[in-house]
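Novice: To start, I am sharing the structure in question, which I have written as structure tokens.
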Amino acid sequence: MIIIANWKMNKDFKDLERFMDSFISLQSWEAISDLKIFFSPSFPLINEVRNIINYNSLNSKIRICAQNCHHEIDGAFTGEVSVKVLDSLGVSSVIIGHSERRNYFNETNDIIEKKISNCIKYDMIPILCFGENLNERKKGNYLNVIESQVNILNSFKKIDHEIILAYEPVWAIGSGLTPSLDEINEVHLFVKNKFPKLKILYGGSLNLNNANDILSLNNIDGGLIGGASLDPYSFSSIIRSIK
Ligand code: 13P
């Protein structure tokens, strides 16, 4: 089971230290054997997350995940961050194609494919997000939309590299709405049938009340959590609720 805290553009340096102090003391680390926790802070906080993990000898339990990377390895791209830099900071995975990046930064499938390819070159795990918006869900063509997003991975089918998928229905992100368990299961099964070897996470308004039910579904390998991962008590309770 993989649980990722996607902090998005939240938390400054002090918030991070306060969060980590509380979170680390709340967690019973021995009980966590099959669970991998990934923290996905904004770029400038990555190094401090790494320091805290090292200081507390939690390298086997906590990984660092970046929220994005540029689609080139290096070059004249002012303000951007490449996988080469992330790799040198001990980052093990990168969230790629989050709907906020697709919608606000016009990320296309071509760009997303390049980013995945860069992650693979640097031996980092790409976490490919996919999911339909409300209109697509209502029109009933959501599986076609999802298929076109995940089909990017057909170019990597022959590559034996770990890739993780994350189903994040756009309408469930930050809205407090979640699909029913049957709706989640339908999508996960559909994608599992296409990529049986890949792990698929669910994300979108996961919280303490729904996490155990959603994460207990058969075809779910973990969760990608936004809002409910910002508070150490809430995030820690979610982790402790997972059976
Ligand atoms: P929320 O958990 O806040 O809905 O965000 C989900 C998400 O976008 C994680 O990547």
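Note that my numbering gives residue 1138 to position 175 of the sequence shown, counting from 1, and the numbers run on in steps of one.
C-beta atoms are modelled at their ideal positions from N, C-alpha and C, and glycine is treated no differently.
Nothing here was measured: the structure is a model prediction, and the numbers come from that model.
Just checking my contact of L1128 with W1134 at CB under 8 Å: how many whole Å lie between their CB atoms?
Specialist: No, L1128 and W1134 are not in contact; Cβ-Cβ is about 19 Å, not under 8 Å.
Novice: Tell me which residues share the same chain as L1164 and place their Cβ nearer than 8 Å to its Cβ, disregarding the 5 neighbours each side in the sequence.
Specialist: If we look at L1164 and ignore the five residues flanking it on each side, its Cβ neighbours are I965, I967, I1090, I1127, L1128, A1129, Y1130, I1183, D1184, G1185, G1186, L1187.
Novice: For K974, which residues from the same chain have a beta carbon less than 8 Å from its beta carbon, with the 5 sequence-adjacent residues on both sides left out?
Specialist: Around K974: F982, P1004, S1005, L1008, L1193.
Novice: Candidates H1033, I1079, I1147, E1099: which alpha carbon is nearest N1114's?
Specialist: Of H1033, I1079, I1147, E1099, the residue nearest in Cα terms is I1079.
Novice: Kindly indicate the opening and closing residues of the beta strand (DSSP E) around Y1196.
Specialist: Unbroken run through Y1196 is the alpha helix (DSSP H), 1195-1204; no beta strand (DSSP E).
Novice: Would you kindly work out how many angstroms separate the C-alpha atoms of C1028 and K1102, rounded to a whole number?
Specialist: If you take the alpha carbons of C1028 and K1102, they lie about 34 Å apart.
Novice: Could you please give the first and the last residue of the uninterrupted beta strand (DSSP E) stretch that includes V1057?
Specialist: V1057 -> beta strand (DSSP E) spans 1056-1059.
Novice: Please state if the CB of S1056 and the CB of I1088 are separated by a distance shorter than 9 Å.
Specialist: Yes.
Novice: Taking 9 Å as the threshold (C-beta atoms), are N1175 and S1204 in contact?
Specialist: It is a contact, given that the beta carbons lie within the stated cut-off.
Novice: Roughly how many angstroms separate the alpha carbons of Y1105 and S1020, rounded to a whole number?
Specialist: Cα to Cα, Y1105 sits roughly 43 Å from S1020.
Novice: Taking only heavy atoms of the ligand 13P into account, decide whether any of them is closer than 8 Å to the Cβ of I1188.
Specialist: Because some heavy atom of the ligand 13P lies under 8 Å away, the Cβ of I1188 counts as near it: yes.
Novice: My understanding is that S1062 touches I1136, with C-beta atoms under 8 Å, so please give their C-beta distance in whole angstroms.
Specialist: Contact flag correct, Cβ pair sits at about 6 Å.
Novice: Please classify L1152: does DSSP put it in a helix, a strand, or coil?
Specialist: Looking at L1152 - three-state DSSP - the assignment turns out to be helix.
Novice: What does a CB cutoff of less than 8 Å around N1010 pick up in its chain, not counting 5 residues either side in sequence?
Specialist: Only L1052 meet the Cβ criterion.
Novice: Anyone know if the C-beta pair for D1050 and D1086 falls short of 9 Å?
Specialist: It is a contact, given that the beta carbons lie within the stated cut-off.
Novice: Between S1023, F986, I1109, I1083, which lies nearest to K1120 when the distance is taken from Cα to Cα?
Specialist: Nearest C-alpha to K1120: I1083.
Novice: Assign E1095 to buried or exposed, taking buried as 16 or more other Cβ atoms, counted over all protein chains shown, within 10 Å of its Cβ.
Specialist: Per the 10 Å Cβ criterion, buried.
Novice: Output yes if chain C places a C-beta closer than 9 Å to the C-beta of M983; else output no.
Specialist: As a matter of chain content, chain C is missing from the structure shown, which is built from one protein chain.
Novice: Give the straight-line distance between the Cα atoms of Q990 and K1155, rounded to the nearest whole angstrom.
Specialist: C-alpha separation (whole angstroms): 31 Å.
Novice: Which runs of the alpha helix (DSSP H) at least 4 residues long sit entirely within the stretch 996-1047? Give them in chain order.
Specialist: Correct list: 1009-1018.
Novice: As a quick exercise: from Q1030, W992, S1023, Y1018, pick the residue whose alpha carbon is nearest that of E980.
Specialist: Residue Y1018 is the option with its Cα nearest to E980.
Novice: Taking E1149 as the reference, which of G1060, K1024, A994, I1109 has the closest Cα?
Specialist: Cα-wise, what sits closest to E1149 is I1109.
Novice: Shorter than 8 Å, the distance from the beta carbon of A1129 to the closest heavy atom of the ligand 13P, or not?
Specialist: Yes; taking the cut-off as 8 Å, the Cβ of A1129 has a heavy atom of the ligand 13P nearer than that.
Novice: Starting from Y1105, follow the alpha helix (DSSP H) in both directions and report where the run begins and ends.
Specialist: Start and end: 1105-1113.
Novice: If we ignore side chains and look at the alpha-carbon of each, how far apart do K999 and G1166 end up?
Specialist: Near 16 Å, if we compare the C-alpha coordinates of G1166 and K999.
Novice: Report yes if the C-beta distance between S1197 and N1170 is below 9 Å; otherwise report no.
Specialist: Result yes, Cβ atoms of S1197 and N1170 sit closer than 9 Å.
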